[in-house]
Amino acid sequence: MSPESRRSEILDTAASMFARLGVKTSLKAIADECGIQAGSLYHHFESREAIIAELVERFHANLGEIAAKALDTADGETRPDEALIAFGNEIAASAVRHRAALLLTHFKAPADDASGLRPDSRTTSPAVHTALLSILGTAREQGVLRADLDLDAVADRFWQGMLHVGIGVYHRTRAARGYPELKCRVILDGLAARPREYDGSAPSEAHRAMDELIADWEAPEAAPLNRAAVIRESARAEFAKRGFETATMRDVAAAARLALAAVYREFESKDALLASIMESYVSFLTDGWNRVVHTSATPLDKIDSLMWFAVNVIDRFREEHRIQSFLLQQAPPDSANLSLSFPAMLGQVTRLLAEGDEAGQFQLAEWPADARARAVFSLLWTPENIVRGLGPKGALELARDTVLRGVRNRTADTGSGASRYPASR
Numbered sequence: 021m022s023p024e025s026r027r028s029e030i031l032d033t034a035a036s037m038f039a040r041l042g043v044k045t046s047l048k049a050i051a052d053e054c055g056i057q058a059g060s061l062y063h064h065f066e067s068r069e070a071i072i073a074e075l076v077e078r079f080h081a082n083l084g085e086i087a088a089k090a091l092d093t094a095d096g097e098t099r100p101d102e103a104l105i106a107f108g109n110e111i112a113a114s115a116v117r118h119r120a121a122l123l124l125t126h127f128k129a130p131a132d133d134a135s136g137l138r139p140d141s142r143t144t145s146p147a148v149h150t151a152l153l154s155i156l157g158t159a160r161e162q163g164v165l166r167a168d169l170d171l172d173a174v175a176d177r178f179w180q181g182m183l184h185v186g187i188g189v190y191h192r193t194r195a196a197r198g199y200p201e202l203k204c205r206v207i208l209d210g211l212a213a214r215p216r217e218y219d220g221s222a223p224s225e226a227h228r229a230m231d232e233l234i235a236d237w238e239a240p241e242a243a244p245l246n247r248a249a250v251i252r253e254s255a256r257a258e259f260a261k262r263g264f265e266t267a268t269m270r271d272v273a274a275a276a277r278l279a280l281a282a283v284y285r286e287f288e289s290k291d292a293l294l295a296s297i298m299e300s301y302v303s304f305l306t307d308g309w310n311r312v313v314h315t316s317a318t319p320l321d322k323i324d325s326l327m328w329f330a331v332n333v334i335d336r337f338r339e340e341h342r343i344q345s346f347l348l349q350q351a352p353p354d355s356a357n358l359s360l361s362f363p364a365m366l367g368q369v370t371r372l373l374a375e376g377d378e379a380g381q382f383q384l385a386e387w388p389a390d391a392r393a394r395a396v397f398s399l400l401w402t403p404e405n406i407v408r409g410l411g412p413k414g415a416l417e418l419a420r421d422t423v424l425r426g427v428r429n430r431t432a433d434t435g436s437g438a439s440r441y442p443a444s445r
């Protein structure tokens with residue numbers, strides 16, 4: 021076998037193993053799968069990180085090809101909204117093909133620069149972003165999209181929404197047929213049958229419940245932190261900064277300005293400390309979500325308030341969110357847990373959509389109920405970089421634009437819309 025063929029075999033094998041087993045897959049395991057000695061593998065790649073970097077380069081090269089093709093086909097003969105959907109399908113398909121590279125970078129610790137990855141490999145593809153802006157700009161010029169949109173933000177939201185299709189295993193099911201297109205349709209046309217503006221003058225009961233919860237989160241501690249709380253606070257910061265696998269109990273003790281023995285008196289292990297942190301986080305999530313869902317607000321108002329809830333979770337619990345991301349990176353990318361997170365919440369979204377359909381509040385009801393619920397649930401959660409860039413209120417408005425209102429100019433007679441979607445999907 022030629023060196024080039026062997027190198028390609030190693031990369032293909034590594035991608036498959038990372039997809040099955042996660043980031044902890046060793047070089048020896050990859051070599052064994054290839055049927056070669058570990059020493060022979062080092063002739064081609066000096067480290068596991070070098071393999072990961074090469075896989076990511078493959079992913080970005082494929083994205084570049086897709087972006088170039090999208091620009092070539094957006095020649096005026098194809099409607100820009102249909103070109104956007106076709107582009108979204110291609111991005112999602114690439115994310116599925118390269119899901120090992122996607123997950124290995126999507127959940128990477130920002131502070132970890134030892135992997136040799138490009139700075140943009142965890143955030144965006146410049147080629148894809150440029151192509152998206154071109155297609156979106158053409159759509160706006162032709163009156164297909166609303167004139168009041170921040171196209172940079174919409175492009176980022178669209179890109180990340182399509183990438184998320186490659187996370188988990190839902191794309192393998194028969195029910196997922198057309199799922200990327202459905203996510204595109206939600207972003208384009210919006211979930212709300214009759215979009216409205218939100219000026220804050222008459223907040224719903226669900227939104228008021230969310231505002232009360234945010235006020236509780238921001239309230240000062242009633243009593244000084246005890247030792248266990250100080251340790252948890254320090255551990256959150258260290259785990260978020262270094263990653264759970266990298267941070268040590270000694271790091272936590274140093275950050276808390278305590279002796280290592282004092283930390284172990286409170287928590288017998290790093291796993292126990294992590295469990296304490298994440299149990300508290302999940303409790304906050306469950307409480308906030310249920311406060312919204314159990315109000316008497318309309319399904320539309322509940323979806324709107326759940327988006328506000330999700331924005332504030334990302335803003336308020338950044339450290340816990342990053343810790344959770346690092347843990348997901350350690351899990352096998354084919355793990356169902358990556359796509360079936362919060363099953364109770366997903367079930368509640370399914371019921372909310374059904375109730376909203378009965379009340380005439382939602383559209384896109386001709387799509388499979390499970391696929392639509394997953395698409396909406398995925399889009400409820402605004403990515404952290406957008407929350408940080410736009411701020412909570414700006415992120416909420418973008419979520420409303422890309423989930424409820426839709427970015428399409430509904431006042432224009434575009435010849436396209438929800439009514440043309442095939443009911444057989």
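Quick note, the sequence shown lines up with residues 21 to 445 if you use this note's numbering. By construction, the Cβ of each residue, glycine as well, lies at the ideal position given by its N, Cα and C atoms. Please read all numbers here as calculations on a predicted model, not as lab measurements.
In the three-state DSSP reduction, residue 65 falls in the coil class, being neither helix nor strand. Taking a C-beta distance under 9 Å as the contact criterion, residue 205 and residue 387 qualify as a contact pair.
Under the three-pair Cβ rule at 8 Å, the stretch 327 to 344 counts as touching the stretch 293 to 311.
One Cα belongs to residue 162, the other to residue 110, and the distance between them is close to 23 Å. Here residue 401 is actually not in contact with residue 336; their C-beta atoms are around 14 Å apart, not less than 8 Å.
Of all alpha-carbon atoms in 320, 115 and 180, the one lying nearest the alpha-carbon of residue 83 is that of 115. The Cβ atoms of residue 65 and residue 47 lie closer than 9 Å to each other.
Approximately 17 Å separates the beta-carbon atoms of residue 397 and residue 418; this is outside 8 Å, ruling out the contact.
DSSP places residue 180 inside the alpha helix (DSSP H), whose first and last residues are 171 to 183. For residue 61, same chain residues with a beta-carbon under 8 Å away, outside a window of 5 residues either side, are 30, 47, 50, 51 and 54 in chain order. When 420, 329 and 422 are compared, the shortest CA-CA separation from residue 232 is found for 329. In the structure shown, residue 382 adopts extended strand secondary structure according to DSSP, grouped into three states. Nearest neighbour of residue 307 by Cα position, chosen from 291, 318 and 326, turns out to be 326. Where residue 150 is concerned, the enclosing alpha helix (DSSP H) starts and stops at 146 to 161. Considering only 372, 117 and 87, the residue with the shortest C-alpha distance to residue 186 is 117. For the alpha helix (DSSP H) assignment, the uninterrupted runs of no fewer than 4 residues enclosed by the stretch 54 to 120 are, from N- to C-terminal side, 58 to 61, 68 to 93 and 100 to 117.
Listed in chain order, the non-local C-beta contacts of residue 226 below 6 Å within the same chain comprise 312, 315, 317, 321, 322 and 325, local neighbours out to five positions each way being set aside.
The Cβ atoms of residue 181 and residue 399 lie closer than 9 Å to each other. In this structure, residue 174 lies away from residue 86, with their beta-carbon atoms at least 9 Å apart.
Between residue 427 and residue 165, the C-beta spacing is below 9 Å.
Using a Cβ distance threshold of 9 Å, residue 425 and residue 213 do not count as a contacting pair. For residue 298, the enclosing alpha helix (DSSP H) has its first and last residue at 290 to 313. For residue 30, the enclosing alpha helix (DSSP H) stretches over residues 23 to 41. Residue 428 is bridged by DSSP to 165. At a Cβ-Cβ threshold of 9 Å, residue 272 and residue 290 count as neighbours. Secondary structure note for residue 324: its alpha helix (DSSP H) is the uninterrupted segment 319 to 336.
Take residue 34, set aside five residues on each side of it, and the residues of its chain with a beta-carbon closer than 6 Å to its own are 50 and 71, in chain order.
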